[in-house]
Amino acid sequence: MSTVAPAVVRRSEKQIARRETMQQLLRSKTLLVGLAIIAFWVFCAIFGFKIAPHDPLAQSSSPLSGLSGAHPFGTDQLGRDVFSRVLAGARDILIVAPLATLLGIAGGTIVGLITGYFRGRVDDVVSRIVDAVLALPLIVIAVTVLVALGHSALTVIVVIGLVFTPIVSRTVRAAVLAERQLDYVSAARLSGERPPYIMFVEILPNVMGPIIVEATVRLGYAIFAVAGLTFLGFGLSPPSPDWALQISENYQLLNAGTYWWTVLFPAIAIVSLVVAINLVADGLARVLGR
Amino acid sequence: MTRFLVRRFALALVTLFLLSILVFVASQLLPGNIGRNVLGPFASENDVNMLNHQLGVDQPIYVQYIQWVGRLLHGNLGNSLQYKVPVVELLGPSLVNSLKLAGVAFLLVVPLSILGGVVAALRRGTVIDRAITLTGLSLTAVPEFISAIVLILIFGLLLNWLPVTAAAPEDAGFFTQLRYLLLPGMALVMVLFGYIARMARAGTIEALNSDYTRTAYLKGLDTRTVIFRHILRNSLLPTIAVIATQMGYLIGGLVVIEKLFNYNGIGQRIYTAALNKDFTMLQSGVLVVGLVYLIATLVADILYSLLNPRIRYAGVE
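Residue numbers (the working numbering), protein chains in the order written: chain A, -15 to 274; chain B, 747 to 1063.
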């Protein structure tokens, strides 16, 4: 019995700490506002096609008609209802960007744990490669690779995930370097645990804070990147009602006349989503600490 | 100090070497038979093989890499597969154009964001601080083509103050060119403002909390002198570092901005080269972008160490 008691105490301490963190998170106004906006867009991503008043992919009125009761955001150059397309446009980006982020976080966590834990030559070599990758802007790498492999939602996810991997690995490595000095790591090592066990079972749970914050920040960048690539024609493809695609299809009309509604409303939608994600990242960083 | 510089320089060379491998391998990913792509489907097999031999693409990959680097070191970037003229002739002017645009963005963003960061730090915790920080954070997150379109809508079409393309007429003077570059420059500023302002704010707060600032106040200096003589210098140090790391973004962001404003810069070149599978152009363009980034970070590191006495004297004892 005496061996069980301390374990029980430790668990309840952990639960209390966790509850305190949750309470702090719920008190953060920026975090809650951000979460509410994201929840709204996730709802639209799932039900957008159903709740849209018109079919987002079909002509429902004459092209480029202005704002009216039937079309509160007007129609685009193919006569499709912009309001419906904005509602349905959340779907693809909210599939592609989170998956790319997940891939980058998973890859970066593994690389970061290994380089931070072993240090030495592995670390030196990987760090130099990371430097070289970081010398090239994401968009330039992505355009090159997407031209070579052909662009689809899948290749976009893979490319962004791979570019994120070294960036994430830096954050994770820094956190691991701080952890590996601590007694519990030496204890695990002395008791004969193998490095993979120490890295993934002992250290990983203790560096989750920075990883979660990094994941949120990366998600913002992923949306930024996917939108940019889509605008250039290397991301999502028609007929998706994706916001960046709507802008890329219609922005040339801006010079011709004042069809601003075809571009402004999808732009506001993207802005609201990325700003919301950054509010959440900011709130998380404040509570979980960096 | 000398040792620091030598080490930093060696590090840059290693990175450059890895970068060249990266670029080379990436451009090898471009599919297909290069000779066939250039000559088209109706050329004879013989001609295709001959061109491939001329271009050296029929040799083992490591031989190709060594030959490529050898030519690079002689300043020979090869011929554009699409335009059939030396890459240098096309890339050179594009690079100059991009540097002009980046320069305008840079000259706008640095003073603005440092001012923003310092003001936020001095008014720490107030509404002004929150407003500057949150605005910067939000602008940073917004894709550059969206900021650009909003700017076009407001300044180009609604107010009709500024031209909506970046390419000035052929014989335009300095100020006319500047006028054309203002809108795209501002779009880049909106993305970068948040980063630099955040660093300037953090640096200033650190300086405000330091012993030397307290000493300066205690020996009776007025606030203005303390800020300009003691705080500003120290708060600017980390700012230099972040400006350098954002150079990479600045150049990458140009791809999107140059396309949107129809500006003939290096970003536009890389974009068209990628579209047309012009792999010599693409290789060189990407390499130049990486090189510009490496030089920028090198200069920033040296500048940083020159301005920071803690590093400047580190090698002396």
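For every residue, glycine included, the Cβ atom is placed at its ideal position computed from N, Cα and C. Here the structure is a predicted model, which means the values were calculated and not measured.
Q. What is the C-beta distance between Arg157 (chain A) and Thr99 (chain A), in whole angstroms, given that I count them as a contact (C-beta under 8 Å)?
A. 5 Å
(Q) If I follow the unbroken alpha helix (DSSP H) through Trp227 (chain A), where does it start and stop? (A) Run containing Trp227 (chain A): Trp227 to Asn234, per the alpha helix (DSSP H) assignment.
Q. Count the other CB atoms within 10 Å of the CB of Trp907 (chain B); is the residue buried (16 or more) or exposed (fewer)?
A. exposed
Q: For Thr85 (chain A), name the three-state secondary structure that DSSP assigns.
A: helix
Q: Go ahead and label Met945 (chain B) buried or exposed: buried means 16 or more other beta carbons lie within 10 angstroms of its beta carbon, across all protein chains shown.
A: buried
Q: Could you list the residues in the stretch 138 to 161 of chain A with a C-beta less than 9 Å from some C-beta on chain B, going in chain order?
A: Against chain B - using a Cβ distance shorter than 9 Å - the stretch 138 to 161 of chain A contributes no residues.
Q: Could you pull out every residue in the same chain whose Cβ sits closer than 7 Å to the Cβ of Asn980 (chain B), ignoring the five residues on either side in sequence?
A: Gly949 and Ala953
Q: Taking Gly88 (chain A) as the reference, give the member of A:Ser111, A:Ser175 and A:Gly145 with the closest Cα.
A: A:Gly145
Q: For Arg105 (chain A), go through chain B and note every residue whose CB falls closer than 8 Å to its CB, in chain order.
A: Within chain B, no residue comes near Arg105 (chain A); the closest Cβ sits about 14 Å away, beyond 8 Å.
Q: Might you give, ordered along the chain, the residues of its own chain that have their beta carbon closer than 7 Å to the beta carbon of Ala933 (chain B), omitting 5 neighbours on each side?
A: Glu890, Ser893, Ala894, Leu897 and Ile1003
(Q) Beta carbons nearer than 7 Å to chain A: which residues of the stretch 814 to 832 of chain B have them? (A) Flagged: no residues at all.
Q | Helix, strand or coil at Asp1085 (chain B) [DSSP, three-state] | A | In this structure chain B extends from 747 to 1063, so residue 1085 (chain B) is not present and cannot be described.
Q. How far does the alpha helix (DSSP H) with Ala198 (chain A) in it reach, from first residue to last?
A. In the sequence as displayed, the identity of residue 198 (chain A) is Glu instead of Ala. Note, Glu198 (chain A): alpha helix (DSSP H), Met192 to Leu216.
Q: Closer than 8 Å, Cβ to Cβ, to anything on chain B: give me those residues from the stretch 241 to 258 of chain A, in chain order.
A: Thr242, Trp244, Val247, Leu248, Ala251, Ile254, Val255 and Val258
**Q.** According to DSSP, residues forming a beta bridge with Asn825 (chain B)
**A.** DSSP links Asn825 (chain B) through a beta bridge to B:Pro832.
(Q) Just to confirm the assignment: which complete alpha helix (DSSP H) runs, minimum length 4, are found wholly within the stretch 37 to 88 of chain A? (A) 66 to 72
Q) Which residues in chain A sit within 8 Å of Thr761 (chain B), going by Cβ to Cβ distance? A) Below the 8 Å Cβ cutoff, chain A contributes Arg112, Asp115, Ala116 and Ala119 as neighbours of Thr761 (chain B), in chain order.
Q. Looking at chain B, which residues of the stretch 201 to 225 of chain A have a Cβ within less than 7 Å of any of its Cβ atoms?
A. Gly204, Phe208, Ala211, Gly212, Phe215 and Leu216
Q. Okay, do the stretch 11 to 28 of chain A and the stretch 254 to 270 of chain A touch, 3+ Cβ pairs below 8 Å being the bar?
A. yes
Q) What does Tyr235 (chain A) touch in chain B if you count any residue whose Cβ is under 7 Å from its own? A) Ile895
Q) Which residue comes first and which comes last in the alpha helix (DSSP H) that contains Asn890 (chain B)? A) The sequence as given places Glu at residue 890 (chain B); Asn does not occur at that position. Residue range Glu890 to Leu897 is occupied by the alpha helix (DSSP H) that includes Glu890 (chain B).
**Q.** Test: Ile123 (chain A) CB closer than 8 Å to a CB of chain B
**A.** yes
Q. CA-CA distance, Glu233 (chain A) and Asp107 (chain A)?
A. Straight-line measurement puts the Cα of Asp107 (chain A) at about 45 Å from the Cα of Glu233 (chain A).
Q.
Count Cβ pairs between the stretch 1013 to 1027 of chain B and the stretch 818 to 833 of chain B that sit closer than 8 Å; are there 3 or more?
A. In the pairwise beta carbon analysis, the stretch 1013 to 1027 of chain B is classified as touching the stretch 818 to 833 of chain B: at least three pairs are separated by under 8 Å.
Q. Under 8 Å, do Val140 (chain A) and Val80 (chain A) count as touching if we go by C-beta distance?
A. yes
Q. Tell me which same chain residues have a C-beta within less than 6 Å of the C-beta of Ala84 (chain A), skipping the five on either side of it?
A. Ile141, Ile144, Gly145 and Ala206, listed in sequence order.
Q: With DSSP collapsed to three states, give me the class of Glu177 (chain A).
A: coil
**Q.** Proximal chain A residues relative to Ile1041 (chain B), where beta-carbon distance stays under 7 Å
**A.** Correct list: empty, because the minimum Cβ distance to chain A is about 10 Å.
Q. Exposed or buried, which one is Gly882 (chain B) when buried takes at least 16 other CB atoms within 10 Å?
A. buried
Q) Going by C-alpha distance, which of A:His55, A:Leu188, A:Val117 and A:Pro40 is nearest Gly96 (chain A)? A) For Gly96 (chain A), the nearest C-alpha among the options comes from A:Leu188.
Q. Chain B partners of Ile231 (chain A), CB-CB under 8 Å?
A. Result: Phe891, Ile892 and Ile895.
Q | Closer than 7 Å at the beta carbon, the chain B residues around Asp266 (chain A) | A | Leu883
Q. Buried or exposed: Glu198 (chain A), going by 16 or more other Cβ atoms within 10 Å of its Cβ?
A. buried
(Q) Using beta carbons (cut-off 8 Å, strictly below), is Val988 (chain B) in contact with chain A? (A) no
Q) Do Gly212 (chain A) and Ile123 (chain A) have their C-beta atoms within less than 8 Å of each other? A) yes
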